[in-house]
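Everything below concerns the one structure shown next.
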Amino acid sequence: MSTTPALTEAAAARVSAIASKQGKPAILRLAVDGGGCSGFQYRFELAEAPDEEDAASETAGVRLIVDPVSLDLVAGSTVDYVESLGGAAFRVENPQAAAGCGCGSSFGI
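Counting in this note's numbering, the final residue of the sequence shown is number 1153, and the numbers go up one at a time with none missing.
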């Protein structure tokens, strides 16, 4: 079975803050869509609950869920939350990505 991606403490704290503000459970869904600069792009959204077939990991009480199709493309990844002068964003550190782009939200394998 593939290795489920994990959240860093910083990403978990940010998801928790967003979910609390929106009155939703602290569950972040990571999915992969076709497109983007390099062939695939990451998509994030808060989820009400995991689907039965989702893979899940938990950091500091926040769950990260991934559907089975996306899991093959992000297995072993780490989701971080980074703040810099250029802005703040969730970043996926994907060991499988052979190519990326400047925006940091798309990748190629």
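Glycine included, every Cβ here is placed at the ideal spot set by N, Cα and C.
If you follow the alpha helix (DSSP H) that serine 1060 is part of, which residue opens it and which one closes it? 1053-1066
Taking C-alpha atoms, which residue in Leu1117, Ala1054, Ala1093, Gly1079 lies nearest to asparagine 1138? Leu1117
Taking the CB atoms as reference points, tell me whether valine 1136 and valine 1126 lie closer together than 8 Å. no
Please classify methionine 1045: is it buried, with 16 or more other beta-carbons within 10 angstroms of its beta-carbon, or exposed? Unreliable placement is indicated for methionine 1045, whose pLDDT of 43 sits below 50; the coordinate value is still reported in the next sentence. Burial call: exposed.
Would you mind sorting aspartate 1098 into buried or exposed? The rule is 16 or more other CB atoms within 10 Å of its CB. buried
Nearest-angstrom Cα distance between threonine 1047 and glycine 1120? 5 Å
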